[in-house]
Amino acid sequence: MTTSKNYAGIPDKFAQLETAKVILIPVPYEGTTTWGKGTVNGPKAFLEASENMERYDIETDTEVYEQGIYLADAIAGHTSPEAMVNEVHKVTKDYIKRNKFVTLVGGEHSISIGTIRAFNECFDDLTVLHIDAHADLRDSYAGSKYNHACAVHEASQTTNLVQVGIRSMDAIEKTLIDADKTFFAHEMVADEYWMDKVIEAMTDNVFITFDLDALDPSIMPSTGTPEPGGLLWYETLEFLKQVFEEKNVVGFDLVELCPNPSAKSSDFVAAKLYYKMLSYKFMGQDADEEYDNTYDVDYKSNNSLKFNDDEE
């Protein structure tokens, strides 16, 4: 995968590992997809779109790239999904332990198995906010526990999993969902309080895994399995802004962009969504303010960060 050496073409002074608060890890992996192919090209298309994006955010009146965003080496070349998951886990955890706000862009949703595992080992009482069209709760699929259809099964067993936007699943997954923490799209559309209910279902520390097919195909057609009836742009931003304001979002990933070379709009939606999420995370923080990936000690618990170093 060849891209600009800096995310979004930002100046070098904002792209250094030592000083950047944000890490962006591309994971151009596609090994278990079953229908639409092309997510392996998602990170490259995302980065190219980011280079053509205005870096001033009107809503927050910020230029979040000034917080520093380091574009890490891509995690690529794996033929085994298990090997990919293991490397994603290791690399993600290493950056978390360097006190960075770690983000990833896929690639298929199976990358999140390793990501979530790393965050769960580093943060106490973690909520995984899973925004997706699909439940992704199968224990295994096509002979593998590391399939994209299993993306949050482990999280359902080890974290506080909250699922939003679900509108497609297998009958077996009905037996695996937590009805109190699953928000189906057809119910959300008739419930003006769904955002508040999702917030109430979360703990303080939140990792967001955002599958782009959660968005409606009218604004995000370039995914492997576009499902009708998804989230629209401004309701998505309203919800995400509320999450970032009320919870300690410790990191996020963005997956399942399946770019269409003749239709660039989805690439740009993905690029803007990523940038908006960073803008919400750092809204109100000065660029020269030191980053600490725990709660503010005057307002929230300062014991939210943990490390399991048994395997180190």
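With the working numbering, letter number 102 in the sequence shown gets 136, and the count goes up by one each step, no holes.
Where is the CB? At the ideal position from N, CA and C, for every residue including glycine.
May I ask you to report which of helix, strand or coil DSSP gives Ala108? Note: Ala108 maps to coil in three-state DSSP.
Which first and last residues belong to the beta strand (DSSP E) in which Val136 is found? Residues Phe135 to Gly140.
Could you tell me which residues DSSP puts in a beta bridge with His164? His164 pairs with Gln197 and Thr243.
Under a three-way DSSP split, which group does Ile57 fall into? Strand, per DSSP.
Could you compute how far the alpha carbon of Ala183 sits from the alpha carbon of Asp166? Their backbone Cα atoms lie some 12 Å apart in a straight line.
Tell me the DSSP bridge mates of Tyr175? Looking at the DSSP assignment, Tyr175 forms a beta bridge with Ser178.
Just list the residues that DSSP pairs Asn86 with in beta bridges. The partner list for Asn86 (beta bridge, DSSP) is empty, contrary to what the question assumes.
Could you pull out every residue in the same chain whose Cβ sits closer than 6 Å to the Cβ of Thr53, ignoring the five residues on either side in sequence? Taken in chain order, the residues that qualify are Gly102.
Please say whether Lys179 and Asp173 have beta carbons closer to each other than 8 Å? The answer is yes: Cβ separation under 8 Å.
Determine contact between the stretch 132-148 and the stretch 265-282, defined as no fewer than three beta-carbon pairs at a distance below 8 Å. Too few Cβ pairs lie closer than 8 Å, so no.
Express the C-alpha separation of Phe157 and Ile211 in angstroms, rounding to a whole number. Between Ile211 and Phe157, the C-alpha separation is close to 23 Å.
My guess is that Val98 and Ser313 are in contact by the Cβ rule of under 8 Å, so how many angstroms apart are they, rounded? With 8 Å as the limit, Val98 and Ser313 qualify as a contact, their Cβ atoms being about 5 Å apart.
Are Asp301 and Ala83 closer than 8 Å when you measure CB to CB? Yes; because the gap between Cβ atoms is below 8 Å, this pair is in contact.
Secondary structure at Asp326, three-state DSSP: helix, strand or coil? Shown here, Asp326 sits in coil according to DSSP, grouped into three states, outside any helix or strand.
Cα separation between Ala117 and Gly111? Using only the alpha carbons, I get a separation of about 10 Å.
Rounded to whole angstroms, what's the CA-CA distance from Pro309 to Lys208? Just pull it up for me. The amino acid occupying residue 309 in the given sequence is Tyr; Pro does not appear at that position. Near 34 Å, if we compare the C-alpha coordinates of Lys208 and Tyr309.
For Val196 versus Ala235, is the C-beta distance shorter than 8 Å? It is a contact, given that the beta carbons lie within the stated cut-off.
Could you name the residues of the same chain whose beta carbon sits closer than 6 Å to that of Tyr55, not counting the 5 residues immediately before and after it, in chain order? It should be noted that the sequence gives Lys, not Tyr, for residue 55. Gln101, Gly102, Phe135 and Tyr325.
Measure the beta-carbon distance from Ile109 to Ile57 and round it to whole angstroms, keeping in mind my assumption that it falls under 8 Å. Contact between Ile109 and Ile57 is absent: CB atoms are separated by about 12 Å, not below the 8 Å threshold.
For Leu274, the first and last residue of its enclosing alpha helix (DSSP H): Looking at the DSSP string, the run of the alpha helix (DSSP H) that includes Leu274 is Trp267 to Glu280.
Rounded to whole angstroms, what is the Cα-Cα separation between Thr243 and Trp267? Rounded to the nearest angstrom, the two C-alpha atoms are 17 Å apart.
6 Å Cβ shell around Pro45 - same chain, five flanking residues per side excluded: Cβ neighbours of Pro45 beyond the five flanking positions: none.
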